[in-house]
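Numbering (our numbering), first residue to last: 28 to 299. Think of the CB as a built atom: it goes at the ideal place given N, C-alpha and C, for glycine as much as any other residue. The structure presented is a predicted model; accordingly, all values stated were derived computationally and were not measured.
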Amino acid sequence: MTNLEKTAECINIVGRFCGRRDINALSRQNLMESYGIPRVDLFLLFGGSIPCAAELFADAVREKIAAHYLIVGGEGHTTESLRRKMAALCPGLLTEGKSEAEVFSGYLSQKYGISPDYLETASTNCGNNVTNALELIKKEGLPHDTILLMQDASMQLRMDAGFRKYLDAHSRIINFACYQAEVIVENNALAFRDNTITGLWDMERYITLLMGEIPRLRDDSEGYGPQGKNFIAHVDIPEHVEKAYAYIKENYGDLTRTANPAYATIKGEGSA
Numbered sequence: 028m029t030n031l032e033k034t035a036e037c038i039n040i041v042g043r044f045c046g047r048r049d050i051n052a053l054s055r056q057n058l059m060e061s062y063g064i065p066r067v068d069l070f071l072l073f074g075g076s077i078p079c080a081a082e083l084f085a086d087a088v089r090e091k092i093a094a095h096y097l098i099v100g101g102e103g104h105t106t107e108s109l110r111r112k113m114a115a116l117c118p119g120l121l122t123e124g125k126s127e128a129e130v131f132s133g134y135l136s137q138k139y140g141i142s143p144d145y146l147e148t149a150s151t152n153c154g155n156n157v158t159n160a161l162e163l164i165k166k167e168g169l170p171h172d173t174i175l176l177m178q179d180a181s182m183q184l185r186m187d188a189g190f191r192k193y194l195d196a197h198s199r200i201i202n203f204a205c206y207q208a209e210v211i212v213e214n215n216a217l218a219f220r221d222n223t224i225t226g227l228w229d230m231e232r233y234i235t236l237l238m239g240e241i242p243r244l245r246d247d248s249e250g251y252g253p254q255g256k257n258f259i260a261h262v263d264i265p266e267h268v269e270k271a272y273a274y275i276k277e278n279y280g281d282l283t284r285t286a287n288p289a290y291a292t293i294k295g296e297g298s299a
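See below:
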């Protein structure tokens, strides 16, 4: 195995860890088989996702897998990229100055004739994605015993940990990362096996996002867990994931994404 092949393998290890999916597909059948329920109380789509999430959201609405549908997202470190990609995919869609939730909602309305039940448009990072969404849920009196979360694959596990910090033990979270990207070596370079995922990041950006997650997920003095910044619940990071992260960092370069202070929150619920 070449160094590049080993790097691809390690990227996939970290990607699978961060991009958690608890069901195989967004269907009532999968919910029934895995959890014994025909639908969830809430389906939350987060605006940090890439455009392919809109297709999945539309499928979920048609499948009627939730009682209520929310899109969460103001402006953060991925917003401008989302605006550009959505505008290119949907000519005539107004994206300039719009929040992530508004961009997704406009796209869904224009392309599929579908509208979410609620939008949260003020959050700027994963931390207040969580707290703002929970405030909206409380304000509207929405049942939330079962919540399905869909976020960008790089940030899915951290979103899960953010909700676990605040939710009661009886609330069940079901994860469905909006894509699963497998990295391969092609023509002596890293490439995605499936290049049909709508709006997928370029390779360097994808690696940067993944590499930014492991330090954040750690429960140590520098991480976001209870022993650190206390933004999220504790996450167990398996040794093989830490080794994969270390290999990428050593052999591909340190592409770890640092938090953008422009999108931090005053209350300290989280950082980008």
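Between G189 and F131, the beta carbon gap of about 19 Å keeps them out of contact (Cβ cut-off 8 Å). In this model, P242 and G226 are separated by some 26 Å (Cα to Cα). The alpha-carbon of L163 is positioned some 15 Å away from that of C153. Taking the Cα of D179 as reference, the smallest distance to any Cα among V99, A93, R199 and C37 is reached at V99. The three-state reading of DSSP puts A87 in helix, counting H, G and I together. Ranked by Cα distance from D229, the first of E209, D246, P253 and L244 is E209. Taking A80 as the centre and dropping the five residues before and after it, the same chain places the C-beta of L72, M177 and C205 closer than 7 Å to its C-beta, in chain order. The way I'd put it, the segment 191-206 does touch the segment 249-266; three or more beta-carbon pairs between them come closer than 8 Å. According to the DSSP assignment, M28 belongs to no alpha helix (DSSP H), since it is labelled neither H nor E. For the pair L217 and L69, the CB atoms are not nearer than the 8 Å cut-off.
D247 and L121 have their C-alpha atoms spaced approximately 42 Å apart. Considering only E147, T173 and E123, the residue with the shortest C-alpha distance to K166 is E147.
Taking the CA atoms as reference points, I50 sits about 31 Å from K276. Residue ranges of uninterrupted beta strand (DSSP E) with 3 or more members, entirely inside the segment 133-217 and ordered along the chain, are 145-147, 173-177, 199-202 and 210-213. Counting C-beta pairs closer than 8 Å gives fewer than three between the segment 100-114 and the segment 45-62, which falls short of the contact rule. DSSP places Y96 within a strand segment (E or B) once states are collapsed to three.
One alpha carbon belongs to L161, the other to T29, and they sit about 47 Å apart.
From the listed residues E102, F84, H104 and G103, the smallest Cα separation to Y96 is found for F84.
The beta carbon of T105 sits closer than 7 Å to the beta carbons of G75 from its chain, once the five residues preceding and following it are set aside; these are given in chain order. A distance of 8 Å or more separates the beta carbons of S54 and E82. Secondary structure in the segment 32-74: the beta strand (DSSP E) runs of 3 residues or longer, each lying completely within the stretch, are 67-73 in chain order. The C-beta of R110 has 16 or more other C-beta atoms within 10 Å across all chains shown, which makes the residue buried.
Judged by DSSP secondary structure, V268 falls within the alpha helix (DSSP H) whose first and last residues are E266 to Y279. Q207 places its beta carbon less than 8 Å from that of G46.
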